[in-house]
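Residue numbers for the sequence shown follow our numbering, beginning at 274 and rising by one.
We treat Cβ as the ideally placed atom computed from N, Cα and C, and that holds for glycine.
Have a look at the structure below, then the notes.
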Amino acid sequence: MDSTRGRGKIKEESQQGNRQVLGDIGNLEAFSIAEGKQILRPVKRRLLAKLLENEQTNPVLEVQANEQGAAQGNKHVVVAALDKNAIVHQEHYVEDLFHKLNPELADVVGFEARKKAASGILVEGEDQPVDIDANDANEVVVAEYLDDMYKFYKLTEEDYQALDYMKSQHNINEMMRSITVDWLVDVHMKFKFKPETLYLTVNIIDRYLSLTIVSKEELQLVGIGSMLLACKYEEIWSPQVKDFVSISDNAYTNNRILSMEKTILEKLEWHLTIPTLYVFLVRFIRASGLLDQLVENMAYFLAELGLTHYKVAIFYCPSMTAAAAVYAARCTLNRRPFWTEILMYKAGYRSEQIR
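Structural data, given as structure tokens:
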């Protein structure tokens, strides 16, 4: 019998302690009113102390219980006479005190300005163009994060841009690099790789050559190893090493290609997640116009031409090259205006900067 009563007591206590999810919040202050309901209002510690202090000075109204209160056994209901002006004043007091205790909040405006400056220009509220991703049905695109993502890409693109290495390379020149990249474009088309693979391949080549001196015979091997890495990173199905051996007319063995692949990864410290020219090009083409296929094709064509030119690939950051490709495509096809407000906002460049 004792054990039964004990279990019943425990059960009653556990039932009293249980609550529904979000049914009870500990930091909410309740004010009772005549109708028996509660007004829940979040308060801060200093605001609560201030309210308690004022509560002692405010008059307390005692009224007769209504029918609902009488049914609950309450003879009187105590209602605090709240001064709305005092509460508003207290809230402003708490906010001012919070800002004084957190001086770093004064830099929020400056941080937002720097965040906007990452896109190259400042666009204020009413001047901001329409959202080009508002009607995107593809949920994988995560359209609500795209603007922040591309601002981050612009902030980090220079960290993964190759340095001017041709002066230190005594065995190769710009023409040899151009021939190698042009050959890789043919390989890219033969295997029907994604566009991302080609742009990442060229970036890997330039970054590796800026760190290592190679011979003329190794230049093509560097290109093959870079494309093999890019395929493994971007493609769903990467070709086998023997396919690259065959495409190079058996100029290199499997072991040499794999060895070069390992060497490239070690030199680049496995940094392959980078904002390439293609990343920005896709975004700027979308901002140019969703239904203009001619501008899209022309922009891709001009961007691929830029891959073969050493000075374009080295001395201009990917975002500027992509913006210039879209601008040149619109000028060539006489799309007026040549540079719209949306393009200026999304690309972060004015037309004077990319002409």
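Would you call the stretch 511-520 and the stretch 487-502 in contact, with 3 or more CB pairs under 8 Å? yes
Exercise for the section: Measure the alpha-carbon distance for residue 439 versus residue 474 and round it to whole angstroms. Expected result: 18 Å
Which same chain residues, not among the five before or five after residue 619, have their C-beta less than 6 Å away from its C-beta? 560
Problem - Identity of the residue in 435, 419 and 547 nearest residue 484 by Cα - result: 435
**Asked** Taking the alpha-carbon positions, what's the residue 304 to residue 418 distance?
**Response** In this predicted model, residue 304 has a pLDDT of only 44, less than 50, meaning its place in the structure is not dependable enough to derive any value.
| message | Tell me the DSSP secondary structure of residue 615 in three-state form. | response | helix
Practice prompt. Run the proximity test for residue 580: is its beta-carbon closer than 7 Å to any non-hydrogen atom belonging to the ligand HEM?
Written response: What this structure holds is no ligand at all, so the ligand HEM is not there to describe.
State the CB to CB distance for the pair residue 524 and residue 493, rounded to an integer number of angstroms; the pair is presumed to be in contact (CB under 8 Å). 7 Å
Hey, how far is the Cα of residue 624 from the Cα of residue 609? 13 Å
Reduced DSSP category for residue 589 - H, G, I as helix; E, B as strand; rest coil
coil
query: In angstroms, rounded to a whole number, what distance separates the CA positions of residue 480 and residue 453?
result: 15 Å
- Under 8 Å between the Cβ atoms of residue 596 and residue 627? Contact flag set, yes.
Requested in this report: Rank 491, 428 and 569 by C-alpha distance to the C-alpha of residue 534 and give the top, closest one.
Outcome: 491
Item checked: Inter-residue spacing [alpha-carbon to alpha-carbon] between residue 461 and residue 576 -> So the alpha carbons of these two residues sit roughly 15 Å apart.
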